[in-house]
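Below: one structure, written as structure tokens.
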Amino acid sequence: MSRRERGQLEDGASFAATSRRLAGMFRQERRSVIGALALAVFGVLAFLVGPRIWGSAIDAILAGTLGSGLPTGQTKEAAVQALRDSGRNSFAEIIDRLNVTPGSGIDFGYVGHLLLIAAGLYCLGALAGFAQQNIQHSAIARVMKTLRSDVEEKLNRLPVRYLNGSSRGELLSRMTNDIDNIATSLGQTLTQLLFALLMVVGVLAMMLSISPLLTLLALISVPLAFAVGTAVAKRSQRLFGDQWRLTGELNAHIEESYSGHELVTVFDRGGAFRETFANKNAEVKKASDLAQFVSGLIAPLVLFIGNLSYVLLCVVGAFRVISGQLTLGGVVAFVQYSRQYSQPLGSLASMSNLIQSGIASAARVFALLDEPEEDPGSQGRLPVVRPRRITFEHVSFGYDREPTIKDLDLVVEPGRTAAIVGASGAGKTTLMNLLMRFYDVGSGCILVDGTDITSVSRDALRSEIGLVPQEPWLFGGTIRDNIAYGRPDATLEQVKQAAEACGVSHIVNALPQGYDTVVDSADGRLSEGERQLICIARAFIADPAVLILDEATSAVDARTELLLQRATSRLRHGRTCLVIAHRLSTIRDADVIVVLQDGRIVEKGTHTQLLRARGEYHQLSQYQFHEPSTLPALDPDQHSSR
């Protein structure tokens with residue numbers, strides 16, 4: 108996690124900003140949001156009326172019970188006055204507040220009617236809640252789909268510098284785990300949150316209609332509960348941010364472990380990887396436990412405060428009934444409302460951990476979406492010329508201010524092959540990255556047919572360049588899809604022609620499904636060399652004007668080596684080609700060989716010319732073609748570079 112992201116998670120204002128931004132993503136779901144809100148309001152109203160109906164039913168039962176004990180034919184006013192004259196003032200006040208008919212019993216028909224109405228309202232409220240939840244979950248699913256698409260598109264627009272500085276596991280964690288956590292958080296909290304907020308407002312209105320005094324007593328606990336919840340929530344927000352940061356680091360470790368499984372096994376480092384995994388897993392558990400513990404304090408603390416308020420209401424309410432200022436049904440209804448009032452507050456408190464966790468994940472995803480994108484460059488295009496002429500003029504460049512390429516001048520004539528050689532870290536790959544504008548030069552310029560590549564859009568520039576990477580990468584799909592990757596509209600016949608030209612057709616035809624065989628980079632049916640041939644066929648069918656060939660460093664058998672040399676020779680024909688050479692035996696026929704050392708060109712010429720010069724190239728050839736015992740001693744300073 109970057110310092111900026113950590114600051115976002117720890118800043119309370121950022122919590123509000125992240126929440127607003129997340130809410131803003133639901134603008135596209137206005138109809139669903141309005142529909143869900145309407146159903147939620149209806150459901151809340153249905154549940155709110157219930158306690159008043161129950162209170163009326165209790166008052167009707169009490170009135171019938173008390174009325175049956177009074178003389179028949181007497182009016183209510185006369186009965187109340189008689190009770191007062193006898194000194195029974197409290198009982199008289201109770202009778203006066205109720206709808207009592209002296210001499211009559213309980214009206215069970217009226218009570219039953221009230222109960223049926225209450226039951227019907229509860230059923231309608233439950234159905235409204237079910238419909239609202241389904242609408243809401245569908246809206247959340249669509250918004251999360253959009254968010255995943257935004258992240259995927261963002262990753263395609265990020266500069267190579269950012270991707271190289273981030274672990275794949277961390278990026279995958281943001282695209283999968285964090286977005287899934289946002290969806291879970293929203294799915295489990297939005298319904299309750301909306302219902303709770305509406306219930307609090309509605310219940311408050313009902314409580315005020317029954318007794319403003321009791322309502323005031325009920326509200327005394329709210330500021331205290333809010334203060335406690337806010338203090339704990341701020342702490343848990345930071346802890347949940349740490350939890351998801353550590354989860355991303357754990358995912359990165361797992362991804363690295365499986366990607367390098369063979370090396371881990373060969374070097375017997377499984378124990379070390381398991382130990383690291385155990386440590387990181389323990390860190391995630393510790394962070395999760397701490398975050399859950401702290402956030403879990405909110406609900407019981409709020410509930411405790413609410414229960415104290417509940418006890419106070421019962422005591423004061425009893426005195427109000429005795430004094431005749433409230434009916435028993437009114438107090439029962441108020442107590443029900445007070446419970447309904449405290450339950451939403453408790454729900455809001457218990458949802459805090461999910462909300463904090465979801466917002467922490469949203470902050471991580473939004474931080475990725477806010478990363479500076481790769482500048483698409485000017486909208487100019489290159490002149491329509493083939494093959495291309497490439498010129499490096501006084502090019503300098505460095506990673507993190509450390510110079511890697513230093514005042515380099517190089518011209519690659521149209522249709523010629525320039526092989527770039529040098530010790531590891533000499534700047535070979537950096538030079539190719541500059542040509543493809545994965546990075547921009549620090550000073551100087553790169554020209555293609557006299558046009559500065561910074562005046563051309565990156566897409567237009569890269570459409571002219573074909574790349575055969577050092578590590579042959581096959582995408583998940585058929586062999587046909589992999590060969591046609593650089594030209595999706597290619598027909599099967601064109602794919603076969605490219606495979607034939609690059610010497611891979613006989614390999615494909617030997618597979619059971621031929622060109623429809625499903626492969627990926629981990630497919631054990633294809634050797635390293637065979638995957639390289641497929642990558643060469645992919646570049647061949649794309650027909651680029653400029654070819655960058657980054658030779659594989661892995662050894663292959665003699666037959667595959669011959670096939671690769673033939674395939675690259677056909678691929679280079681008629682194109683301007685730059686080869687990053689690792690095996691000098693494959694570049695003897697290059698038109699020019701450029702020797703890099705510490706970011707500078709120290710030699711340039713043909714294979715024969717450079718051998719005769721007995722300089723750096725001659726020394727590199729000695730390392731590759733002679734027995735180790737006959738080699739000169741290495742100068743560590745001479746061959747050390749970035």
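If you're matching positions, the sequence shown starts at 108 in our numbering and goes up one per residue. Heads up, the beta-carbon is just placed ideally off N, CA and C, and yes, glycines get one too. Owing to the predicted nature of the structure, the values given are computational and were not obtained by experimental measurement.
Open item on the list: So for P619, helix, strand or coil by DSSP?
Closed with: coil
V184: buried (16+ other C-beta within 10 angstroms of its C-beta) or exposed? A small correction: the amino acid at residue 184 is Glu; Val does not occupy that position in the sequence shown. The residue is exposed, with fewer than 16 neighbouring Cβ atoms inside 10 Å.
- When the Cα of D507 is compared with those of V207, Y269, Q135 and I168, which residue comes out closest? Y269
Out of curiosity, what's the CA-to-CA distance linking L321 and G309? 16 Å
C642 by DSSP, collapsed to three states: which one?
helix
Using the Cα positions of F347 and L670, report the straight-line distance between them to the nearest angstrom.
55 Å
Checklist entry - Can you tell me whether DSSP reads R446 as helix, strand or coil? => result helix
Exercise. Determine, using beta carbons only, whether S628 comes closer than 9 Å to chain D.
Key: Absent from the structure is chain D; it holds one protein chain and no more.
Query raised in the report: With a Cβ-Cβ cutoff of 9 Å, do A143 and Q243 count as a contact?
Result: yes
Point to revise | Own chain, CB closer than 6 Å to V502, minus 5 neighbours either side, in chain order | key: I512, L515, V548 and G551
Are the CB atoms of L410 and F384 nearer to each other than 9 Å?
no
Problem - Length at least 4, wholly inside the stretch 215-298: the alpha helix (DSSP H) runs in chain order - result: 215-264, 267-271 and 275-280
Q) From A186, R134, A674 and V401, pick the residue whose C-alpha is nearest to that of A606; which is it? A) With distances taken between Cα atoms, A606 lies closest to A674.
List the endpoints of the continuous alpha helix (DSSP H) containing P158.
R137 to G174
Rounded Cβ spacing between R446 and V438 (contact assumed at less than 8 Å) | Actually they do not touch by this definition, with Cβ atoms about 13 Å apart.
In three-state DSSP terms, what is Y506?
-> Residue state, collapsed to three classes: strand.
- Query: Are L717 and V686 closer than 9 Å when you measure CB to CB?
  - Reply: no
message: Determine whether the beta carbon atoms of G621 and I586 lie at a separation below 9 Å.
response: yes
My parser needs the alpha helix (DSSP H) runs of 4 or more residues fully inside the stretch 484-551; what are they? 535-542
H360 versus Q672, S273, A649 and V442, residue with shortest Cα-Cα distance = S273
Measuring straight from C-alpha to C-alpha, what distance separates G722 and G505? Looking at the two C-alpha atoms, the distance is approximately 26 Å.
If you draw a straight line from the alpha carbon of F473 to that of A467, how long is it in whole angstroms?
10 Å
Considering just the uninterrupted stretch of the beta strand (DSSP E) at C684, what are its terminal residues? T683 to I687
> Can you round the beta-carbon distance between S328 and L415 to whole angstroms, since I take them to be within the 8 Å contact cut?
Replying inline: 7 Å
From the DSSP output, read off the bridge partner residues of E710. V702
Range covered by the alpha helix (DSSP H) that runs through I590 | From DSSP, the alpha helix (DSSP H) with I590 extends over I586 to I590.
Worksheet item: For G212, which residues from the same chain have a beta carbon less than 6 Å from its beta carbon, with the 5 sequence-adjacent residues on both sides left out?
Response: G171 and S175
In the DSSP assignment, the beta strand (DSSP E) including L574 goes from what residue to what residue?
Note, L574: beta strand (DSSP E), I572 to V575.
DSSP three-state label for A311, please. The sequence as given places Leu at residue 311; Ala does not occur at that position. Three-state DSSP puts L311 in a helix.
According to DSSP, residues forming a beta bridge with V626:
G584
Just to confirm, are V563 and S485 a CB contact at a threshold of 9 Å?
Cβ distance < 9 Å, so V563 and S485 count as in contact.
For I202 and L173, believed in contact at Cβ under 8 Å, the rounded distance = At roughly 6 Å, the Cβ-Cβ gap stays under 8 Å, so L173 and I202 are in contact.
Give me the residue from A398, A340 and A597 with the minimum Cα distance to I405. Of the residues A398, A340 and A597, the one whose Cα lies closest to the Cα of I405 is A340.
Please report how far the alpha carbon of L461 lies from the alpha carbon of I141, in whole angstroms.
-> Computed Cα separation, rounded: 24 Å.
- request: State the Cα-Cα distance for the pair Q604 and G573, rounded to the nearest angstrom.
  value: 18 Å
Around the Cβ of Q463, are there at least 16 other Cβ atoms within 10 angstroms (buried) or fewer (exposed)?
buried
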